[in-house]
């Protein structure tokens, strides 16, 4: 077996571990935003903290980096759905857009999991890819499907409003990934 094959085999988790990771990420994708919504309610800001800090993205990106593209994609696809059915958020007309966007975030993070790049670069690539998929989904909804609930301008609005969430990801995720990598090295 080649060195690359050995490395890939060592970095893969079992199907059971990937499934557990995806389930935990789905739960996190429904639960973490609720913390931000509660803080928004207490502060009088409503649900805008969720739109600002992008809390649903955190467990999805994390599971992609930890468990790979399949777990990331599945968690990204099902996380918004679980959140919608348990909390009513995201709203129905945004649900398909969020499902596609988070599926992309999870898949891209998983695909970049073992790529030799600084974690911040990986996160930037994941963010660009996820936002590109979101933009494509919005454009399809507006122009191909004729949705009147979504506006094409929401592409830029979501980026501008979500800058604090992107910064949170730039700050929090590299530190967390560094810690996870250190723990893996200590186990070996």
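Numbering (this note's numbering), first residue to last: 50 to 237.
Glycine residues also receive a C-beta, built at the ideal position from the N, C-alpha and C atoms.
Note that the coordinates shown come from a computational prediction; the quantities given were computed from them, not determined experimentally.
Query                                                                                                                                                                                        : Result
At which residues does the alpha helix (DSSP H) containing residue 68 begin and terminate?                                                                                                   : 64 to 92
Whose C-beta lies closer than 8 Å to the C-beta of residue 191 among residues of the same chain, with five residues either side of it excluded?                                              : 199, 200, 201
Which whole-angstrom value is the C-beta distance of residue 113 and residue 156, which I expect to be below 8 Å?                                                                            : 7 Å
Report, in whole angstroms, the separation of the C-beta atoms of residue 213 and residue 169, which I expect to be a contact under 8 Å.                                                     : That belief does not hold up - the Cβ atoms of residue 213 and residue 169 are roughly 17 Å apart, past 8 Å.
Report the three-state DSSP secondary structure of residue 197 (helix, strand or coil).                                                                                                      : coil
Skipping 5 residues on each side, what residues in its chain have a beta carbon closer than 7 Å to that of residue 235?                                                                      : none
May I ask which residues mark the beginning and end of the alpha helix (DSSP H) holding residue 141?                                                                                         : First-last for residue 141: undefined, no H or E at that position.
Give every residue of the same chain whose Cβ lies closer than 6 Å to the Cβ of residue 152, excluding the five residues on either side of it in the sequence, and list them in chain order. : 122, 125, 126
Leaving aside the five residues before and after residue 102 along the sequence, list all residues of the same chain whose C-beta is less than 7 Å from its C-beta, in chain order.          : 85, 213, 214, 217
Could you have a look at residue 155 and say whether DSSP puts it in helix, strand or coil?                                                                                                  : helix
What's the gap between the Cα of residue 143 and the Cα of residue 197?                                                                                                                      : 12 Å
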